[in-house]
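Trainee:
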Amino acid sequence: MTDIAEVEILAASNTADRGLRALADLAAAAAGSNYRVVGGHMVHLLGRLYPTDTAARVTADADAGMQTVAAADVTFHTALLARAIGW
358 MTDIAEVEIL AASNTADRGL RALADLAAAA AGSNYRVVGG HMVHLLGRLY PTDTAARVTA
418 DADAGMQTVA AADVTFHTAL LARAIGW
């Protein structure tokens, strides 16, 4: 998928805000890498893009899945650390 969608979400708590910020940091740090976001925040984002009448599930963390070589890349690690202000 190459289409990019912009989504605005209001966090319901400080914890949710930190999780959403973690997603934004992950996206910025891993730009150009082959990675996947999994877990409750991804469900939250997908629910905004594809609304449904079923109950939404949200979470307070952000998980990512990527190849070990990408996760171990010092550039990725440094980029995440640079964005971790206030975590």
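For the sequence shown, the numbering used here assigns the number 358 to the initial residue and increments by one for each residue that follows. All residues carry an ideal CB built from backbone N, CA and C; glycine is no exception. As the structure is a prediction and not an experimental result, all values here were calculated from the model.
#1: Going by DSSP, what residue range makes up the alpha helix (DSSP H) through ARG375?
#2: How do the segment 433–442 and the segment 398–413 stand: do at least 3 beta-carbon pairs fall below 8 Å, yes or no?
#3: Who does TYR407 pair with in a DSSP beta bridge?
#4: Nearest to ASP430 by CA position, among ARG375, ALA368 and TYR392, is which residue?
#5: Which same chain residues end up closer than 6 Å to SER390 when comparing Cβ atoms and leaving out the 5 residues on each side of it in sequence?
#6: Can you give me the Cβ contacts of ALA368 inside the same chain, cut-off strictly under 6 Å, excluding the 5 residues immediately before and after it?
Mentor: This is what the structure holds:
#1: Residue 375 sits at position 18 when you count from the first residue of the sequence shown. Element bounds for ARG375: 371–386.
#2: Contact between the segment 433–442 and the segment 398–413 is absent: fewer than three C-beta pairs spanning the two stretches fall below 8 Å.
#3: Taking the first residue of the sequence shown as 1, we reach residue 407 at position 50. TYR407 has no beta-bridge partner at all, per DSSP.
#4: Here residue 430 refers to the residue found at position 73 of the sequence shown. The shortest Cα separation from ASP430 among ARG375, ALA368 and TYR392 belongs to TYR392.
#5: Locating residue 390 in the sequence shown gives position 33, where the first residue counts as 1. Here SER390 has ALA427 as same chain residues with Cβ atoms under 6 Å from its own Cβ, once five neighbours each way along the sequence are excluded.
#6: As a first step, residue 368 is located in the sequence shown; it is residue number 11 there, counting from the start. So the list reads ASP374 and LEU377, once near-sequence residues are dropped.
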